[in-house]
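If you're matching positions, the sequence shown starts at 12 in the numbering used here and goes up one per residue.
Every residue, glycine too, gets a C-beta built ideally from N, C-alpha and C.
Since this is a predicted model, take the numbers as computed values, not measurements.
Working notes for the structure below.
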Amino acid sequence: MKHLVVFTGAGVSAESGISTFRDSDGLWENYSVQQVAHIDSWHTNKALMLDFYNQRRKQLQQVEPNEAHLILAELEQHFKVSIITQNVDNLHERAGSSTVIHLHGELTKACNERKTEVIDIAYGDINLGDKASDGSQLRPFIVWFGEQVPMFDKAIDIVQTADILLVIGTSLQVYPAASLINYTDAPIYLIDPKPEPRKGVTIIQAKASEGMRQFFREQVGKLTS
Ligand code: APR
């Protein structure tokens, strides 16, 4: 089977009802992205950060994978599929995708301050005073601005083995994640309703679900013709 590597951003979950980061004037659920996604905010206002991510976790419990997530899972019948996502939701997994790398962490996990201990918390809250086994305050297992991206090297290895790279719903503005597309010579497809033109990239200008229907028809059609 050919290796289809899929790199997703917030846009793939937009039709599930989770808002993107940069589609509403730099605000994420009414907060500036910097305010709720920077390590400095954790040091200065843990209560706000915990509350914000507790809300995101509750919201995640109430939404469902959309057609784009489901088609990606179905593509495993035809390709070896590896998904690298910038999203902290679990909608790819809930749709049935078997290989999902989270570059920016996962909402349903918590960790200690040093990120050496990671625990599953599903949709539960993290409260001020909840301690990890080393005595530090538990925090969301999220990669905030100003932090290392530990899964990046693994993601590069995966991208380097791609036969096709499919990018869905990301503004490609946040590094190092955005640089992943430079690590392959394979054909690159980009599904986005408002894409930035990019040299050497085949653009499918559409929302994720519609774009995925088209991608599926074309690519699976090629395999069976
Ligand atoms: N289907 C597909 N794409 C969509 C849809 C949709 N229905 N709606 C919006 N988009 C596109 C937008 O046009 C935009 O290009 O999704 C992209 C979302 O971009 P961002 O909000 O910047 O999200 P993303 O690229 O995932 O952000 C990267 O930034 O704040 C950090 O860590 C956070 O992982 C996040 C990273």
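Supposed close pair residue 116, residue 154 - CB separation, criterion 8 Å: Within the sequence shown, residue 116 is the residue found at index 105, counting from 1. Within the sequence shown, residue 154 is the residue found at index 143, counting from 1. Indeed, because the Cβ distance is near 5 Å, the residues count as touching under 8 Å.
Which of the three DSSP states is assigned to residue 235 in this structure? The sequence position of residue 235 within the sequence shown is 224, counting from 1. Residue 235 falls in the helix class under three-state DSSP.
Residue 184 CB to nearest heavy atom of the ligand APR below 7 Å: Locating residue 184 in the sequence shown gives position 173, where the first residue counts as 1. Residue 184 Cβ: within cutoff of the ligand APR.
Residue 151: buried (16+ other C-beta within 10 angstroms of its C-beta) or exposed? For the purposes of this step, residue 151 is taken as residue 140 along the sequence shown, with counting starting at 1. Buried, because 16 or more other Cβ atoms sit within 10 Å of the Cβ of residue 151.
Any heavy atom of the ligand APR closer than 7 Å to the beta-carbon of residue 95? Mapped onto the sequence shown, residue 95 falls at position 84. No, Cβ of residue 95 sits at least 7 Å from all heavy atoms of the ligand APR.
What are the uninterrupted segments assigned as beta strand (DSSP E) that are 3 or more residues long and contained completely in the region 60–140, given in chain order? 91–96, 111–113, 116–122, 129–131
Which runs of the alpha helix (DSSP H) fall wholly inside the region 153–196 and span at least 4 residues, in chain order? 163–170
Where the alpha helix (DSSP H) through residue 29 begins and ends: For the purposes of this step, residue 29 is identified with residue 18 of the sequence shown, where counting begins at 1. Per DSSP, residue 29 belongs to no alpha helix (DSSP H) and is neither H nor E.
For a test of your reading of the model: does the CB of residue 204 fall under 7 Å from any non-hydrogen atom of the ligand APR? Yes or no. As a working note, residue 204 is residue 193 in the sequence shown. The answer is yes for residue 204.
Please determine whether the Cβ atom of residue 119 lies at a distance below 7 Å from any heavy atom of the ligand GDP. Only the ligand APR can be found as ligands here, which leaves the ligand GDP out of the picture.
So, under 8 Å CB-CB, residue 50 and residue 221 are touching, yes? Tell me the CB distance rounded to an integer number of Å. Within the sequence shown, the letter at position 39 stands for residue 50. Within the sequence shown, the letter at position 210 stands for residue 221. Incorrect: roughly 37 Å between the Cβ atoms, too far for contact.
Please name the residue in 163, 13, 202, 187 whose C-alpha comes closest to that of residue 86. On the sequence shown, residue 86 is found 75 positions in, with the first residue counted as 1. Out of 163, 13, 202, 187, 13 has the C-alpha closest to the C-alpha of residue 86.
According to DSSP, is residue 228 part of a helix, a strand, or is it coil? Taking the first residue of the sequence shown as position 1, residue 228 is located at position 217. Three-state result, residue 228: helix.
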